[in-house]
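Structure first, commentary second.
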Amino acid sequence: MEREIKYNSSIPASIQLLFNNQKLEIMKVLCLMNALSIQSNKQRKVEEILFYYSLVNFDLAYLFNSKLDTKSEFAPSPNQYFRFQTKINEILLIMSHLQFIEIKGKLSNRLDELKVKLSLPGKKFFEDNSSDYLNSLLKKYIEIYETIDYSAENVKKIKEGQF
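What follows is the structure, given as structure tokens:
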């Protein structure tokens, strides 16, 4: 048992960053918030943020587009949606602490019903730290937002895996 613990703790930092990079996830969510704010900087439900993040970052968008082949043997798993669902609250809390976003809601609200809005410092930080990768991601978010509607029915499709 001791040997196994030693082996697990010797994972190189570069590999850990590849699979568990919270700073990158924060920038991806900040990028999404910027994309959504282009149309309107209104408050967004956490569930909507999770929905669009999953469509782009977990390649689930093709599931809503009938022009694409949905029977690919390399089809992504909707389980990634549920894995990220456990992380999103911590990411949003960190972003709120950094004053990148404002979180609105009541203690009686479910976590996915809280509303989030991009703040001016968040927008400025994103613009100041923009890169080719983030600009490309921003374009993908905008394209998906314009083509796939956030709705209870579409969220249900992802959650239940009915494609």
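Start counting the sequence shown at 1; every next residue gets the next number (this note's numbering).
Glycine included, C-beta positions come from ideal geometry on N, C-alpha and C.
Asked, Found
"Cβ-based burial, alanine 152 [other Cβ within 10 Å; buried from 16]", "exposed"
"For isoleucine 144, three-class secondary structure by DSSP", "helix"
"Reduced DSSP category for lysine 106 - H, G, I as helix; E, B as strand; rest coil", "coil"
"Whether tyrosine 150 touches glutamate 25 by CB criterion (9 Å)", "no"
"Given 8 Å, three or more beta-carbon pairs between the stretch 137 to 148 and the stretch 109 to 119", "no"
"Which of helix, strand or coil DSSP assigns to isoleucine 11", "coil"
"Neighbourhood of tyrosine 145 by C-beta distance below 8 Å, restricted to the same chain and skipping five residues each side", "Ala35, Leu36, Gln39 and Tyr52"
"Exposure label - serine 131; buried when at least 16 CB within 10 Å", "exposed"
"For lysine 159, the nearest candidate out of Ser54, Met95 and Ser136 (CA to CA)", "Ser54"
"Phenylalanine 126 classed as buried or exposed, judged by whether at least 16 other C-beta atoms fall within 10 angstroms", "buried"
"Simplified DSSP assignment, three categories, for serine 42", "For the record, residue 42 in the displayed sequence is lysine; it is not serine. Lysine 42: coil per DSSP, three-state reduction."
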